[in-house]
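Take a look at the structure set out below.
Okay, structure coming up:
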């Protein structure tokens, strides 16, 4: 399941330890190196990808806590190590995880949503669309902000588009969260309501073309149009996506 409950954006530059400040439009040196370091916000949180078992366990416990607060079953929740087929990003404040999202690329094993919506997904596969799935999108409401949601979503988008070469996002959400996803991100519903056995809750399937995201970021970021109605107005500019991409794990750039 995928559920979501004003400062400038910044990102780590390619190579080693420089930090890009979009507000100052300059590269700042002497930021500590960290192989899991992808994006830093001046509000005091970092975004990493999960790369070892300890991080997997911490991310899993965080998602379970957030899902339990919403009354979902949590025994089937799992977080796996990063691979060429899936990756989990976490938002960290100090040692504490306050946000997470898992991105899964399509493969012969399919997507989680195939359990309920294989016919709908196969319709896109038959059109040679490269599909991927967002799941376990959770943020601690005590720390969540539009900027945090945007930065986490943008990293997933950059990874999907540039690493997976995906064309379409899909996610299963509780019907009561469908309207905010449509309004905030531009998702549209393509599957009727069904019961998701993983969390023992109703679900609908939502779809979003990555091309739509690209068109929105071109307007909201490069032209600096901030209506505060679109989450994309909080994205880093398109030119910074290359910097974000350069910080993503190199071993996953070429997918088999």
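Numbering (the working numbering), first residue to last: 963 to 1218. Where a beta carbon is used, it is the ideal one built from N, C-alpha and C, also for glycine.
The C-alpha of residue 1084 lies about 28 angstroms from the C-alpha of residue 1037. Here residue 1064 is buried, its C-beta having at least 16 other C-beta atoms within 10 Å.
Secondary structure within the region 1099-1157: the beta strand (DSSP E) runs of 3 or more consecutive residues, fully enclosed, are 1130-1135 (chain order). By a beta-carbon distance limit of 8 angstroms, residue 1130 contacts residue 1093. Their separation comes to about 5 angstroms. Between residue 1196 and residue 1108, the gap from beta carbon to beta carbon is short of 8 angstroms. Annotated as proximal: residue 1043 and residue 1012, with beta-carbon spacing under 8 angstroms.
Going by C-alpha positions, residue 1058 is about 25 angstroms away from residue 1205. Runs of the alpha helix (DSSP H) spanning 4 or more residues and lying entirely within the region 1063-1101 occur at 1076-1087, in chain order. The Cβ atoms of residue 1125 and residue 1203 do not sit closer than 8 angstroms to each other.
Here residue 1033 is exposed. Its C-beta has fewer than 16 other C-beta atoms within 10 Å.
Annotation for residue 1105: 1055, 1060 place their beta carbon closer than 7 angstroms to its own, counting only its chain and skipping 5 residues before and after. The three-state secondary structure of residue 1030, taken from DSSP, is helix. In this structure, residue 1027 sits away from residue 1161, with a CB-CB distance that is not shorter than 8 angstroms.
Closest option to residue 1082, judged by alpha-carbon separation, among 1112, 1169, 1071: 1169.
In this structure, DSSP gives residue 1050 an extended state, which the three-state scheme calls strand. When rounded, the separation of the alpha-carbon atoms in residue 1099 and residue 1207 is 20 angstroms. Under the three-state reduction of DSSP output, residue 1008 falls in the strand class. Each residue's CA atom was taken as its position, placing residue 1145 and residue 1171 some 15 angstroms apart. Going by C-alpha positions, residue 1009 is about 28 angstroms away from residue 1165.
Our two residues, residue 1077 and residue 1141, have alpha carbons roughly 23 angstroms apart in a direct line.
Residue 1102 and residue 1086 have their alpha carbons spaced roughly 33 angstroms apart.
Contact between residue 1167 and residue 1079 is confirmed by a C-beta separation of about 5 angstroms, below the 8 angstroms threshold. A buried status is given to residue 1097, since no fewer than 16 other beta-carbon atoms sit within 10 Å of its beta-carbon.
Comparing C-alpha distances from residue 1112 to each of 1209, 1047, 1045, 1062 shows the shortest one belongs to 1062. Taking C-beta atoms under 8 angstroms as the contact rule, residue 1075 and residue 1154 fail to qualify, at a distance of about 13 angstroms. Distance check between residue 1051 and each of 1127, 1025, 1015, 1114 places 1114 closest, using alpha-carbon atoms only.
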